[in-house]
Every structure is written in C-alpha cells, then in structure tokens.
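Chemist: Numbering (the working numbering), first residue to last: 439 to 743. All residues carry an ideal CB built from backbone N, CA and C; glycine is no exception.
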Amino acid sequence: MQKCLLCGGESEFIYSLDGYAIIQCKNCKTSRVQSMPNEETLNNYYNGFKYSINEENKQLILDQRFNKWLKTLKLPRNAKMLDIGGGNGYFSLAFEHFGYGKATYIDLDPKACKYVESLGINSVINDNVNNLANFTNDKFDFIYARHVIEHLTDPLPLIDSAINLLSDNGIFILQLPNGLSQERLTEKKYYNNIKTRLKKDNNFSNFKIFKIMHSNKIAADLAPPRHLWAFSSNGLKKYLSKNKNIKFKIKTYSIMDKVYSPFMGQNKYETYFIKKIFKPIKNILRFLYSIPAGKTHLVFEIKKK
Ligand SMILES: [Zn+2]
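1. State the beta-bridge partners of Met519 as determined by DSSP.
2. Ligand 1 heavy atoms versus the CB of Cys442: any closer than 7 Å?
3. Give the single residue among Arg622, Phe669, Arg664 whose Cα lies nearest to the Cα of Leu594.
4. Any contact of the stretch 611–621 with the stretch 723–736, i.e. 3+ C-beta pairs under 8 Å?
5. Of the choices Ser692, Asn526, Phe533, whose alpha-carbon is the least far from that of Ile729?
6. Do you know offhand how far Tyr707's Cα is from Glu448's?
7. Quick check: does the Cβ of Gly447 come within less than 7 Å of any heavy atom belonging to ligand 1?
8. Please report how far the alpha carbon of Glu478 lies from the alpha carbon of Val586, in whole angstroms.
9. Report the option in Ile712, Thr634, Thr690, Lys743 whose CA atom is closest to the CA atom of Asp456.
10. Across which residues does DSSP place Pro615 in a beta bridge pair?
11. Using 10 angstroms around the beta-carbon of Tyr483, count the other beta-carbons present and answer buried if the total reaches 16, otherwise exposed.
12. For Arg724, which option in Tyr710, Lys742, Val737, Met694 has the closest C-alpha, if you only look at C-alpha atoms?
13. Ordered along the chain, which non-local residues of its own chain (more than five positions away) have a Cβ less than 7 Å from that of Asn654?
14. Go through the stretch 547–582 residue by residue and report every complete run of the alpha helix (DSSP H) that reaches 4 residues or more, in order.
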C-alpha cells in the first residue's frame with residue numbers, strides 16, 4: 439500500500455467509490471483515490487470549462503462583502519494577486535474591481551482563460567502554476583488557490599510553487615474541502631447522494647453507511663475523477679510543518695459562509711417559516727455536526743516567517 443505523501447503514514451483500503459478504490463492514511467486520515475485516473479480520462483472530463491459561467495455569480499462576487507474580506511488581508515497598495523486555478527475568474531475580477539491592484543490568473547482550461555480575458559483581466563496564463571516562473575519573476579502579495587488541490591493527481595507541487603511565489607509579507611490562502619467534516623451531512627440531498635454511490639460499489643447497509651459517514655472514514659466530498667483527494671487538516675499541517683520558512687493558521691468555515699461559499703443559500707424568496715424557524719434550527723444542527731472535525735471549508739493562511 440502507498441505511503442501517505444503528507445505524513446509518511448501507512449494507507450489502508452476503506453471502500454470503493456464511483457468505481458475507484460479509496461485508500462486512507464491510518465495516521466493523518468487523509469483519503470485519496472488509490473490509482474489516479476490517467477491523463478486521457480482527466481482531459482475528457484475537463485474538456486471545456488466545467489465552471490459554470492453565470493453572470494449572477496459575477497454580481498455576487500462584486501458584492502461589498504468581498505471588499506471587506508479583501509480589506510482584512512491588509513495588503514500593500516497596488517498589490518499583486520495570483521489566482522491559481524481560478525475557474526470563472528470572478529475573484530481576480532473582484533480584486534481589481536475594488537482597487538487592490540493587479541491580478542494574475544492562471545488556469546489549465548483554455549476556455550476558462552478565454553472567458554477571463556473577456557472580463558478585462560490582462561494577465562491571463564493558460565498553464566500549470568508549476569511553470570509560472572517561465573512567464574514572470576514576480577512575487578505575489580496575495581495568492582489564492584480556492585478548491586483546486588483536491589482535483590489534482592499530484593497536488594503538493596502546487597503548494598510548494600505557491601509558497602515560492604509569495605512576497606515577503608504576502609499571504610497564501612489555500613482553501614479546500616475539509617475531508618473529515620460532517621457538517622454537510624445535514625443536507626439531505628448530499629447524504630442521499632453519498633449513500634447511493636457507496637451502496638452501488640460496496641453493497642453496504644444503510645446502518646454501515648451511517649457509521650462510516652459519522653467517522654473518520656467519511657472522506658467528505660471525494661468524487662473521482664473530479665475530487666481525487668479528501669485532505670485532513672492534520673495531514674496538510676504535517677506537510678506544511680516540514681517547511682521551516684513559513685508559518686500558517688488553520689481555520690474552517692461553514693458551507694453557509696458568505697465569503698468562502700459565495701454561491702450557497704441565495705434564496706431571495708424566503709417565507710417567514712424558513713427564515714425564523716427552519717434556518718435557525720438548521721444552523722444549530724450544522725454547528726453540532728461541525729464539532730467532531732470542523733466545518734466544510736478548510737482554509738490555510740500561509741505566510742513567510
Ligand atoms: Zn498521512
């Protein structure tokens with residue numbers, strides 16, 4: 439069985455999912471697809487802009503709450519942002535729109551890059567961030583990799599590259615699904631979806647699936663060939679701690695967080711019942727489900743020492 443790339447621990451098979459064998463590190467509880475899909479499978483899957491172009495989403499990101507969020511980063515004037523795997527490019531757009539400086543957007547999807555150029559972002563690079571040094575010697579004050587690394591067969595070089603591209607006082611925000619979070623089990627649709635997929639591959643009983651989902655074997659949001667990894671905060675912490683040039687903070691944010699989940703819960707037509715009774719109860723449930731391993735989004739704020 440493969441050694442864990444993050445902590446060197448032993449891995450074990452936990453179950454099959456969507457036709458892929460899933461293994462988990464016994465030590466840090468990071469899960470991954472055992473045999474990564476080949477390039478052809480991935481190219482077919484990503485052929486042409488998987489990220490929905492939705493002008494409504496663009497308006498959401500140009501909302502003042504993102505301005506407030508960017509302000510909390512305390513960036514220098516005319517800051518440089520690097521948006522890694524930025525999909526629809528709306529975070530680059532917000533960064534420039536609110537006057538923080540210039541964004542450099544880099545993504546593997548040529549169609550996404552074309553779209554982002556049409557938004558008026560000047561610095562758009564269609565490549566892997568590990569090759570960015572071929573294009574520029576710039577260092578960046580704000581690097582954002584938002585829900586990217588869980589998609590990659592080999593995710594750690596991206597983290598190392600981003601750290602190398604950070605300016606002395608810069609901040610690198612690495613955001614990904616929290617592989618051990620149970621918060622989303624409160625969403626019936628999400629839970630039923632996992633149940634169907636686990637049943638199909640493993641023939642587990644409802645009770646066994648319930649037990650798995652409420653344990654470390656949850657591997658939250660693992661969905662090959664899209665999401666190939668379910669990282670634990672402990673695993674990434676162990677990996678980042680090996681780098682003596684950086685310091686970092688680990689945070690988790692709710693699926694309902696208005697910055698880290700900008701497109702969730704946008705229901706303008708709420709009844710009194712939903713607003714005053716259903717939602718508060720749901721929020722208590724989400725809180726309780728977050729107690730074992732934190733909330734849905736795992737966020738590392740990485741700076742140089
Ligand atoms: Zn591990």
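Modeler: In short, the structure shows the following:
1. Counting from one through the sequence shown, the residue named residue 519 turns up at place 81. Answer by DSSP bridge pairing, in chain order: Ala541, Phe580.
2. Along the sequence shown, read from residue 1 onward, the residue named residue 442 stands at position 4. Yes - ligand 1 has a heavy atom lying nearer than 7 Å to the Cβ of Cys442.
3. Residue numbering aside, residue 594 sits at position 156 when the sequence shown is read from its first letter. For the residues Arg622, Phe669, Arg664, the minimum Cα distance to Leu594 belongs to Phe669.
4. yes
5. For the purposes of this step, residue 729 is taken as residue 291 along the sequence shown, with counting starting at 1. Nearest C-alpha to Ile729: Ser692.
6. As a position in the sequence shown, residue 707 is number 269, starting the count at 1. As a position in the sequence shown, residue 448 is number 10, starting the count at 1. Whole-angstrom Cα-Cα distance: 50 Å.
7. What you label residue 447 is simply residue 9 of the sequence shown in a count that begins at 1. At least one heavy atom of ligand 1 is nearer than 7 Å to the Cβ of Gly447, so yes.
8. The residue given as residue 478 occupies position 40 in the sequence shown. The residue given as residue 586 occupies position 148 in the sequence shown. About 19 Å.
9. Within the sequence shown, the letter at position 18 stands for residue 456. When each option's Cα is compared against that of Asp456, the closest is Thr634.
10. The count along the sequence shown starts at 1 and reaches residue 615 at position 177. According to DSSP, Pro615 bridges with His735.
11. The count along the sequence shown starts at 1 and reaches residue 483 at position 45. Burial call: exposed.
12. For the purposes of this step, residue 724 is identified with residue 286 of the sequence shown, where counting begins at 1. The option with the nearest alpha carbon to Arg724 is Met694.
13. The sequence position of residue 654 within the sequence shown is 216, counting from 1. So the list reads Lys467, Leu618, once near-sequence residues are dropped.
14. 548–556
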